[in-house]
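Asks: Chains Y and F supply the protein sequences, listed in that same order. Going letter by letter, the first sequence gives residues 1 to 159 in our numbering. Going letter by letter, the second sequence gives residues 160 to 302 in our numbering. All C-beta atoms, glycine included, are put in the ideal place defined by N, C-alpha and C. Here the structure is a predicted model, which means the values were calculated and not measured.
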Amino acid sequence: MSLRQPVSSDHQLARLLQIGVVLQEVVEARARKHLESTDDLEGDLEPLLEAAVERANSHRERLETLIEDLEADSVAYEDIEPLVEAQYQADQDFDDIIYDQLCNAETAYKFLDDLVGAIEESDASFGVDRQHLRTVLEELREAEANGVEAVTDLMEERE
Amino acid sequence: MNTADQYLKAIYLVQQQTDEPASTGRIADRLGVSPASANEMVGKLQERGLADHEKYKGVTLTDEGIRQAREALRTYCIIERFLLQVLEVEEFRAEARQLESVIDETVAERLDTIIEREPQCPDCFDAENDVCELLEADPEASD
């Protein structure tokens, strides 16, 4: 009865990894916009945003390596940043920014969790080593979970 | 998008196409599953208060079922638009169908921050062709 489709080909896997890259680029671009457009960031927001930029950048690089191993193309940050810019709303306060960061981290975690699940359900063989693929995605998922925790900790401190 | 949401979306679209309760056969055809599977899921949706199934007549969605089906359709539209507008995927309809079970609505909401989508979405979805009627594929788009 389930309609869940396991990842069945290199093409489909590469497409999902591309989506993962774009999500990381959205995180990075939005965090950079928050840093640039707010003169006086409250409390520990600035280090939180800087850590988010660094994490997104490193996660993107690891996903890009997998895409490269599948002999597919990644999605350039320079293509995504203007799309984020076009819809970015300036003048955001602490609550707006922290909530946005929470959405970013939760989304990245959820995507990686679903991707790991879809790969586990698949018996297809891929152009990348399955164990290596799983290890990378699980490490990224754990780092995103830590990112969510960092945001919620800051939210609790604020209360 | 989870399985229940995919069924709600399918029932909503079949009802739009036929303007009458959706038969489990048509729901099954739309989703590529057996009528028995469709029947079983429709029973679960009914238990959850999302659909009403009248034997020999078909399935209609409740108000809550319609609300959830429209949310699911909006998520699907975001996936199609993202594939076409951002990744320039020529076969965006086929790929959206393959990927929808892996893309959650929270993920789609983030993707929505970088695509263009009309405010009337999902009313502009063409059930027959399985695509937003306002979404024009660029002939230059490549895979």
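Below 6 Å CB to CB, which residues in the same chain sit around Val75 (chain Y) once its five sequence neighbours on both sides are set aside?
Replies: Taken in chain order, the residues that qualify are Gln18, Val21, Val22.
Asks: Could you check what DSSP says for Phe126 (chain Y) in three-state terms: helix, strand or coil?
Replies: Three-state result, Phe126 (chain Y): coil.
Asks: Tell me, please, whether the CB atom of Val266 (chain F) is closer than 8 Å to any CB atom in chain Y?
Replies: With 8 Å as the cut-off, Val266 (chain F) counts as an interface residue toward chain Y.
Asks: Can the beta-carbon of Ala52 (chain Y) be found closer than 8 Å to that of Val26 (chain Y)?
Replies: Going by C-beta atoms, Ala52 (chain Y) is not nearer than 8 Å to Val26 (chain Y).
Asks: Report yes if the C-beta distance between Ala267 (chain F) and Ile237 (chain F) is below 8 Å; otherwise report no.
Replies: Result yes, Cβ atoms of Ala267 (chain F) and Ile237 (chain F) sit closer than 8 Å.
Asks: Any contact between the segment 27 to 45 of chain Y and the segment 56 to 68 of chain Y? By contact I mean 3 or more CB pairs, one from each, below 8 Å.
Replies: Verdict: yes, contact present.
Asks: Taking only beta-carbon positions, decide if Leu258 (chain F) is within less than 8 Å of chain Y.
Replies: Yes, Leu258 (chain F) counts as interfacial toward chain Y.
Asks: With DSSP as the reference, label Glu213 (chain F) as helix, strand or coil.
Replies: Strand, per DSSP.
Asks: If you reduce the DSSP assignment to three classes, tell me which class Asp96 (chain Y) lands in.
Replies: Helix, per DSSP.
Asks: Interface residues of chain F around Ile80 (chain Y) at Cβ under 9 Å?
Replies: Val245, Ile273, listed in chain order.
Asks: Taking DSSP as the reference, what is the three-state secondary structure of Cys103 (chain Y)?
Replies: Cys103 (chain Y) falls in the helix class under three-state DSSP.
Asks: Determine whether the Cβ of Glu250 (chain F) lies closer than 8 Å to any Cβ atom of chain Y.
Replies: No, Glu250 (chain F) lies away from the interface with chain Y (no Cβ there is under 8 Å from its Cβ).
Asks: Do the segment 113 to 133 of chain Y and the segment 2 to 17 of chain Y meet, that is, are 3 or more Cβ pairs less than 8 Å apart?
Replies: Enough Cβ pairs lie closer than 8 Å, so yes.
Asks: Relative to the C-alpha of Asp73 (chain Y), which candidate in Y:Gln12, Y:Glu139, Y:Glu149, Y:Glu144 has its C-alpha closest?
Replies: Among Y:Gln12, Y:Glu139, Y:Glu149, Y:Glu144, the Cα nearest to that of Asp73 (chain Y) belongs to Y:Gln12.
Asks: CA-CA distance, Glu287 (chain F) and Glu199 (chain F)?
Replies: For Glu287 (chain F) and Glu199 (chain F), the distance between alpha carbons rounds to 25 Å.
Asks: With a threshold of 8 Å between beta carbons, is Glu254 (chain F) in contact with chain Y?
Replies: Yes, its Cβ sits closer than 8 Å to a Cβ of chain Y.
Asks: Which partner residues of Thr219 (chain F) appear in the DSSP bridge assignment?
Replies: Paired residue(s): F:Asp211.
Asks: Does the CB of Arg130 (chain Y) have a neighbour CB from chain F at under 8 Å?
Replies: So, not an interface residue.
Asks: Give the interface partners of Val261 (chain F) over in chain Y, defined as CB-CB distance under 7 Å, in chain order.
Replies: Here the neighbours are Leu16, Asp114, Leu115, Ala118.
Asks: I want to see whether chain F comes within less than 8 Å of Thr152 (chain Y), judged by CB atoms only; does it?
Replies: Output row for Thr152 (chain Y): interface = no.
Asks: If I'm right that Arg44 (chain Y) touches Leu154 (chain Y) with Cβ under 8 Å, what's the distance once you round it to whole angstroms?
Replies: It is Asp, not Arg, that sits at residue 44 (chain Y) in the sequence shown. Yes, Asp44 (chain Y) and Leu154 (chain Y) are in contact; Cβ-Cβ is about 6 Å, under 8 Å.
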